[in-house]
DNA sequence: GCAGATTGTTTGGGGAGCAAACAAATTTGC
DNA sequence: GCAAATTTGTTTGCTCCCCAAACAATCTGC
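Residue numbers (our numbering), protein chains in the order written: chain A, 559 to 720; chain B, 559 to 720.
Structure representation (structure tokens):
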């Protein structure tokens, strides 16, 4: 609605534009930070000749630390639908990072596990992730980083009440 | 990568599983918070009988505050490709929230503007967004909220160095 | 042993994102 | 002034993420 046209209407090709209330919104800051972090993650891996998304890294860590995990349990841990997980596992399996073994105790489920190549790759990935984390935290002190993670956890807890 | 099997291997259906180093990663916290916030945003709008994504809201605010914006300028402001923007504008235009007018000064560009219905809708959306923001910040003090937004800005600045 | 639940998969649909190619229009170079 | 280069919006093609519904195989409760 009628905003007073206070700013001069950009003499040149407006180097920055009016973002209104957006900069005061947490959701907006979150979205922009997340997309920048994602880009940095991708760039870090690309420069090392590797290809992996943050989601795939999280998945591999979960499988590594919880051997024999079922797809349902993994999907729940990741917060995605079990049908969404299928093509992701297909891809990682095609890259020989992970296997779907038949569960010895339940014929319906698969026991997920890293291959030896997957475990070796995860070690490399972990080093890249640490470098990436170091870079995106380079503007923050150690205590600020801790604070940020803590506050993000609180936001997540508040937001989940659907 | 042999981790000592310290934890008992989950007697029941493991209510929580080993997340390894993930909880210490800023990128991980960011991703989880973002997805929870997104879900809350969608739920807030759904409950009010409206449908809008955070990205669409940001786009509408930008068009509202910068009348006559071109699609290229908008795409740059949103950090997306100009070809990505096309179907998004198509959808908003089909909902009669926004129009592509021919620019009087440059025959190549469109001058984007909200329709009157779009301006009215944006006012409603703004109220919903404020309620949503209030909910996701309900676990934080006012100063914590400010700190969070500030830290997210710093992260974004550090991450952009591709 | 059989009804009901669970698991993984497939299919179908929607959205977000990029790259490359293209026509129309503008700006630049001379 | 006019040809060449650039910019803008669009289309097409590709990849990826996400969900819902349906289905067969398997397990569980009783």
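For each residue, glycine too, the CB sits at the ideal point set by N, CA and C.
Residues are counted here when their Cβ sits less than 8 Å from a Cβ of chain A; for the segment 686-711 of chain B these are 687, 690, 691, 693, 694, 695, 696, 697, 698, 702, 703, 705, 706, 707, 709, 710 and 711, given in chain order.
Taking the CA atoms as reference points, residue 577 of chain A sits about 37 Å from residue 683 of chain A. For the 8 Å CB-CB criterion, residue 690 of chain B and residue 598 of chain B form a contact. For residue 660 of chain A, the enclosing beta strand (DSSP E) stretches over residues 656-660. According to DSSP, residue 669 of chain A shares a beta bridge with A:659.
A Cβ-Cβ separation of about 5 Å places residue 671 of chain B in contact with residue 625 of chain B under the 8 Å criterion. Distance from the Cα of residue 590 of chain B is smallest, within the candidate group A:645, A:673, A:635 and A:666, for A:635. Of the other Cβ atoms in all chains shown, 16 or more fall within 10 Å of the Cβ of residue 714 of chain B; this residue is therefore buried.
Contact residues of the segment 602-621 of chain B toward chain A are 612, 613, 616, 619 and 620 (C-beta to C-beta distance below 8 Å). Taking a cut-off of 8 Å for Cβ pairs, the segment 593-608 of chain A and the segment 631-649 of chain A do not touch, as fewer than three such pairs fall below it. With 16 or more other CB atoms across the displayed protein chains lying within 10 angstroms of its CB, residue 584 of chain A is buried. Residue range 700-717 is occupied by the alpha helix (DSSP H) that includes residue 708 of chain A.
Within the same chain, and ignoring the five residues on either side of residue 693 of chain B in sequence, the residues whose Cβ sits closer than 7 Å to its Cβ are 598. Between residue 696 of chain B and residue 696 of chain A, the CB-CB gap reaches or exceeds 8 Å.
For residue 614 of chain B, the enclosing alpha helix (DSSP H) begins and ends at 612-623. With respect to the 8 Å criterion, residue 592 of chain A and residue 592 of chain B are classified as neighbours on the basis of their beta carbons. By the criterion of a C-beta distance shorter than 6 Å, residue 617 of chain B is surrounded by no residue of its chain, once the five residues flanking it on both sides are discounted. Annotation: the continuous alpha helix (DSSP H) that includes residue 585 of chain A extends over 584-605. The DSSP-derived three-state label of residue 653 of chain A is coil.
With its beta carbon at least 8 Å from every one in chain A, residue 671 of chain B lies outside the interface. If you check each beta-carbon in the segment 638-671 of chain B against every beta-carbon of chain A, none falls closer than 7 Å. Residue contact check for residue 676 of chain B against chain A: no CB pair falls below 8 Å. Check the Cα spacing between residue 686 of chain B and each of B:604, B:699, B:674 and B:641: the tightest is with B:604.
Distance from the CA of residue 698 of chain A to the CA of residue 654 of chain A, rounded to the nearest whole angstrom, comes to 37 Å. Counting along the chain, the unbroken alpha helix (DSSP H) around residue 684 of chain A starts and ends at 674-694.
Contacts with chain B at 8 Å (Cβ-Cβ) include residue 591 of chain A.
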